[in-house]
Amino acid sequence: MENTVASEASRLRRFSNWGSRQALGFGESLHSLGAFALIALGVTVTKFRVSSRVMHPLIVREIHRFGVQLLPITAFFGAALGLLIVGQTVPLFSQLGGRDHIGMVMVTVVVRELGPLAAALLVLVRAGTVIVVELGTARALGEVEALEALGIDPVHYLVVPRLLGMMIAVLALTVYLILVAFGAGYLFAFLQGMPLQPADYFGQIAGVLRWEDFVLLALKTITFGFAIAVIVCFEGLAQPLRLEDVPQATTRAVGRCLTTCVLVDALFIVIYLYLDLYRFW
Amino acid sequence: MEETKDIVIELAGAAIGGVSEGAPLVEGVDWRVARSDFWVVGGLHGAGKSALLAVAAGWQRPMRGVSRVFGRDPDDLSEEERIAQRRRVGVVFENGARPFHQLTVLQNVALPLCYHRDWTVEQAAVAAHELLRRTGLEGFATRPAGDLARAWQQRLGLARALALEPEVLLLDNPLTGLDPRQQEWWLAFLKELSLRHTLVVTSDHLEPWQGVGRQFARLTEGRWELVGTEITAGLRPGPVRGE
């Protein structure tokens, strides 16, 4: 009996120690990530005009890599999203006689929720992982020290273009995805024989949209882009890495980005609720 | 402190550690590098040569003692002063010199020129091509740096370090892994370069530098030892601390 109690106590102690270590590690990571985010933001603002002949083409290149090159897959996802939403709601509204509400559903689901999140996740999967590998490899091969030896700030040269490129790319891709989803949604409704004119459909959408939607959409997508860029750059750059550590850093970065995106999304739901944007009648 | 005339690097009573915490690798380093010197520092693998160069470049603090680069303690420099100082000290890393693998050979050399001088690519390309010609790399200009063999990457590191026309050039073990012909090229090139630059070279062995370097020192069993201006016969780097 005594042995059982002692064993239970020992297990509890081990569990408690493990929990404390995890909590401490999480706090430490959060602190380092926050410091890195502030440094990246500070360098972006203070050195935006420094070495513009090198830096501005790099920013354009990153927008092309993270934005323009992702247009086809974003169009595919936008079309799929429009088809799925309309495909699910048209039969429902046909039975309930609520075809005037399709615009409301599209704005709520596509503009406020899934559009920004889907675009952010696409950029994370297609570009974020690439950044961790690029920066992690550069770090492991000593290129970061080589930049410092030449008096080139690695945060300025390596992080700033990726940060700005990703923020702009997520914003632009979200707008693109939403427009494609709207178009695909109408197309599917038309093919299902729903008696809805284009003017009515887009009129419904325009009627539901408020000016706050545009501001919050921009803020949300830029926050997604900033968070993803900071996390992937931090994982690739901020700690000494060996080449064999790069895959693990990539996995860690994806996990952290997903968690952060969901948390940011939840924060914006609270803001939408606070601004009473879910009230349609 | 005012920049001491003609002294570019100064270490006094310095204890130099490696990357990880622990006992210093070398202690009691009293070293003054004057303008136009050509120092060769010998020491076997693990003796602390790279750490010594990191301190000499102002990137790393000595664990004890004083270090000054161009008369200034690196810790006292502002961000702008630190960048300006790094432009005056060129560094060639060992084992392939850490080129930027994603860039071409030409872009590797042009990058510091475009970044610091705000030159156009065309302006930088002229200067970069000249450096590639001097280092025998002109045939590789458009190749990705990552595709080059280690020996050519080492030369690329040299060309890149020379791009900003540094006053002092620090070279970490530049002869490592090179065949005799490549070694011969390096020795001849650096001898000629030393007529216009202050050079500090580390090397596993001092012998190849006989008649090339002008001042010699070595790291032996954790101690700094000045050898003088000539290497006496049979003088090889001694064992490292702990051996």
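Heads up: the protein sequence lines correspond to chains S and P, in order.
Residue 245 in this note's numbering sits at position 245 of the first sequence; the count goes up by one each step and never skips.
Counting the second sequence from 1 gives a position; this note's numbering is that position plus 281.
Note that the Cβ used here is the ideal one computed from N, Cα and C, for glycine as well.
Taking 7 Å as the cut-off, decide whether the C-beta atoms of residue i and residue j are in contact.
i	j	result
Ala238(S)	Leu83(S)	no
Thr129(S)	Thr221(S)	no
Leu387(P)	Ala422(P)	yes
Leu117(S)	Asp265(S)	yes
Arg499(P)	Glu488(P)	no
Leu58(S)	Arg139(S)	no
Cys261(S)	Ala119(S)	no
Gly255(S)	Val170(S)	no
Ala181(S)	Leu243(S)	no
Ala406(P)	Val390(P)	no
Val230(S)	Ala35(S)	no
Ala293(P)	Val347(P)	yes
Gln496(P)	Thr483(P)	no
Gly103(S)	Leu177(S)	no
Ile290(P)	Val314(P)	yes
Cys233(S)	Val159(S)	yes
Val90(S)	Gln22(S)	no
Gly165(S)	Ile63(S)	yes
Gly236(S)	Val132(S)	yes
Pro461(P)	Gly371(P)	no
Leu452(P)	Gln464(P)	no
Could you say which of the options lies nearest to residue i if we only look at CA atoms?
i	options	result
Gly417(P)	Pro447(P), Trp466(P), Ala442(P) and Gln404(P)	Trp466(P)
Val86(S)	Leu277(S), Val159(S) and Thr108(S)	Thr108(S)
Glu282(S)	Val111(S), Leu241(S) and Thr250(S)	Given that chain S is displayed from residue 1 to residue 281, the structure contains no residue 282(S) and the question cannot be resolved.
Arg379(P)	Met344(P), Ser359(P), Pro447(P) and Ala440(P)	Ala440(P)
Pro161(S)	Leu277(S), Phe66(S), Arg13(S) and Tyr272(S)	Phe66(S)
Arg415(P)	Leu471(P), Glu291(P) and Thr401(P)	Leu471(P)
Ser317(P)	Ala498(P), Phe497(P), Leu480(P) and Val493(P)	Leu480(P)
Leu413(P)	Trp433(P), Trp400(P) and Thr401(P)	Trp433(P)
Ser475(P)	Val321(P), Gln383(P), Leu445(P) and Arg431(P)	Val321(P)
Asn454(P)	Thr510(P), Asp485(P), His382(P) and Gly352(P)	Asp485(P)
Trp340(P)	Pro355(P), Phe351(P) and Gly346(P)	Pro355(P)
Arg431(P)	Phe351(P), Glu473(P) and Phe374(P)	Phe374(P)
Arg368(P)	Val350(P), Phe319(P), Arg342(P) and Gln383(P)	Val350(P)
Phe48(S)	Leu163(S), Leu114(S) and Leu33(S)	Leu163(S)
Leu459(P)	Glu446(P), Gln435(P) and Leu429(P)	Gln435(P)
Leu173(S)	Leu122(S), Asp200(S), Thr137(S) and Gln248(S)	Leu122(S)
Gly503(P)	Val314(P), Arg462(P), Val449(P) and Gly323(P)	Gly323(P)
Pro247(S)	Glu113(S), Ala23(S), Glu134(S) and Met106(S)	Glu134(S)
Leu443(P)	Leu456(P), Ala469(P), Glu411(P) and Gln463(P)	Glu411(P)
Glu361(P)	Phe77(S), Thr46(S), Val125(S) and Val54(S)	Thr46(S)
Leu124(S)	Leu273(S), Leu187(S), Thr259(S) and Ile271(S)	Thr259(S)
Leu38(S)	Ala253(S), His156(S) and Val5(S)	His156(S)
Would you say residue i lies against chain P (beta-carbon separation less than 7 Å)?
i	result
Ser51(S)	yes
Leu41(S)	no
Glu293(S)	There is no way to answer for residue 293(S), as the model of chain S reaches only from 1 to 281.
Ala127(S)	no
Gly236(S)	no
Gly25(S)	no
Ala146(S)	yes
Val54(S)	yes
Leu92(S)	no
Does the beta carbon of residue i sit closer than 7 Å to a beta carbon anywhere in chain S?
i	result
Ala295(P)	no
Val372(P)	yes
Val289(P)	no
Asp399(P)	yes
Glu283(P)	The predicted model places Glu283(P) with a pLDDT of 47, which falls under 50 and marks its position as unreliable; any figure quoted below should be read in that light. Not closer than 7 Å to any Cβ of chain S, the Cβ of Glu283(P) fails to qualify, so no.
Arg368(P)	yes
Arg342(P)	no
Arg462(P)	no
Arg379(P)	yes
At least 3 beta-carbon pairs within less than 8 Å: the stretch 384-399 of chain P vs the stretch 145-163 of chain S: yes
contact_flag[the stretch 131-144 of chain S, the stretch 199-218 of chain S] where n(CB pairs < 8 Å) is 3 or more: Output reads no: the stretch 199-218 of chain S does not touch the stretch 131-144 of chain S.
Interfacial residues, the stretch 381-394 of chain P to chain S, with Cβ spacing under 8 Å: Phe381, His382, Gln383, Leu392 and Pro393
Within 8 Å of chain P by C-beta, residues of the stretch 148-182 of chain S in sequence order: Glu148, Ala149, Leu150, Gly151, Ile152, Asp153 and Tyr157
Residues of the stretch 70-87 of chain S with Cβ closer than 7 Å to any Cβ of chain P, in chain order: none
Cβ contact (3+ pairs, closer than 8 Å) linking the stretch 488-496 of chain P and the stretch 336-349 of chain P: no
Sufficient close CB pairs (3 or more, under 8 Å) joining the stretch 322-329 of chain P to the stretch 295-309 of chain P: yes
The stretch 192-199 of chain S / the stretch 71-79 of chain S touching (three or more Cβ pairs under 8 Å): no
Near-chain P residues of the stretch 115-142 of chain S (beta-carbon distance less than 9 Å), N- to C-terminal order: Glu134, Thr137, Ala138, Leu141 and Gly142
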